[in-house]
Amino acid sequence: MSSEPASHATQRRGVMLILTSPSGAGKSTLSRLLLQKDSAITLSVSATTRLRRPSEVDGTHYHFISAERFDHMRDDGELLEWAEVHGNCYGTPRAPVEKALAEGRDVLFDIDFQGTLQMYERMRADIVSVFILPPTAEALQSRLERRAEDSAQVIRRRLQTACAELLQWKHFDHLLVNDDLDAAYKALDAILTAARTTRMRNPQLGEMAEAMSSGLTASLAPV
Ligand code: ADP
Ligand code: 5GP
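Numbering (the numbering used here), first residue to last: 12 to 234.
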């Protein structure tokens, strides 16, 4: 146990970490690794009208909802952002994100570039965005095929969408190539660690530095 007096450091502002990429570049895989290894970050579980894949669990990977329910959520202002991607609707439920941020927890978003641009309009200062690239176009295609969760027709549509999505790189804070998975994870972890220590997210540490300075000044005053 340390014999030093307790620090005055208290809660900082939460990081909103957005991961975006063309389908198949590895967002879900990197998200899963980050969530397994870092208990301080929680996933924003999106609502979607797309069909559930065999490996997916309702409420964990997505809230799988009807088009009618989605429209209600959107019209009632229950979504922070929403977009149509590959012919389905996806959106970020507002309440869980606001709750997590108010509690000083970090939130991870796996959303497309349209959603990212909408989030920028409201909360740019809280966001750190990462655009994940596959090492090659061929790797992107073979990853989608190896994932084996979508039909050939769906994979073709996702590759067509990727042509335009790849051009969105310029809107992101960080560009990360997911070639070696371990190296990509380490880079992502480093981005999150650095975001947690920015001055903007830690006003309480500025106050702590001021208080330390005053205390030291007082203790060093001539008697
Ligand atoms: P996204 O969420 O971006 O659509 P996924 O995380 O589902 O992509 O990854 C697509 C496929 O590629 C999955 O089968 C996954 O296991 C595989 N994959 C992810 N990262 C790598 C990597 N660095 N090297 C090889 N395969 C990978
Ligand atoms: P998938 O169907 O492969 O799970 O996701 C398709 C695309 O939708 C991915 O680019 C994913 O990041 C995006 N997406 C998932 N949830 C959301 C969301 O809540 N909002 C937006 N804008 N995009 C999302």
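The C-beta atom is built at its ideal place from N, Cα and C for all residues, glycine as well.
It should be emphasised that the depicted structure is a prediction, and the values quoted were computed from it without experimental measurement.
Closest residue to residue 146 among 164, 188, 22 (Cα-Cα distance):
Check the Cα spacing between residue 146 and each of 164, 188, 22: the tightest is with 188.
What are the boundary residues of the beta strand (DSSP E) that residue 185 is part of?
185-188 is the span of the beta strand (DSSP E), which, as asked, contains residue 185.
Does DSSP put residue 175 in a helix, in a strand, or in coil?
Three-state DSSP puts residue 175 in a helix.
In terms of alpha-carbon separation, which member of 132, 35, 100, 137 lies closest to residue 118?
For the residues 132, 35, 100, 137, the minimum Cα distance to residue 118 belongs to 137.
Cβ neighbours of residue 13 in the same chain (closer than 8 angstroms, five flanking residues each side left out)
With a pLDDT of only 47 at residue 13, under the threshold of 50, the placement of this residue in the model should not be trusted, and no figure is reported.
Going by beta-carbon coordinates alone, are residue 115 and residue 207 separated by less than 8 angstroms?
Result no, Cβ atoms of residue 115 and residue 207 do not sit closer than 8 angstroms.
So is the beta-carbon of residue 152 under 7 angstroms away from any non-hydrogen atom of ligand 2?
For ligand 2, not one heavy atom lies less than 7 angstroms from the Cβ of residue 152.
Quick one: give me the first and last residue of the alpha helix (DSSP H) that residue 108 is part of.
Taken as a continuous stretch (DSSP letters only), the alpha helix (DSSP H) holding residue 108 covers 105-113.
When the distance is taken between beta carbons, is residue 155 closer than 8 angstroms to residue 133?
8 angstroms or more divides the Cβ of residue 133 from the Cβ of residue 155.
Return the bridge partner residues of residue 58 from the DSSP annotation.
Looking at the DSSP output, residue 58 shares a beta bridge with 74, 102.
Strand pairing of residue 140, partner residues [DSSP]:
Paired residues: 29.
Is residue 58 closer than 8 angstroms to residue 81 when the C-beta atoms are compared?
Between residue 81 and residue 58, the C-beta gap is smaller than 8 angstroms, which places the two residues in contact.
DSSP three-state call for residue 202: helix, strand or coil?
Three-state DSSP puts residue 202 in a helix.
Given residue 142 as reference, the closest of 63, 205, 234, 198 once Cα atoms are compared:
Checking every option, the nearest Cα to that of residue 142 belongs to 198.
For the beta strand (DSSP E) that residue 150 lies in, which residues bound it at each end?
That residue, residue 150, is in no beta strand (DSSP E); its alpha helix (DSSP H) goes 148-158.
Cutting at 7 angstroms between CB atoms, please list the residues of its own chain near residue 39, excluding the five before and the five after it.
Excluding sequence neighbours, residue 39 sits near 121.
Cβ-based burial, residue 174 [other Cβ within 10 Å; buried from 16]:
The residue is exposed, with fewer than 16 neighbouring Cβ atoms inside 10 Å.
Among all the DSSP beta bridges, which residues are the ones paired with residue 227?
Paired residues: none, contrary to the question.
Buried versus exposed call for residue 60 [16 or more other C-beta atoms within 10 Å across all chains shown]:
Under this definition residue 60 is a buried residue.
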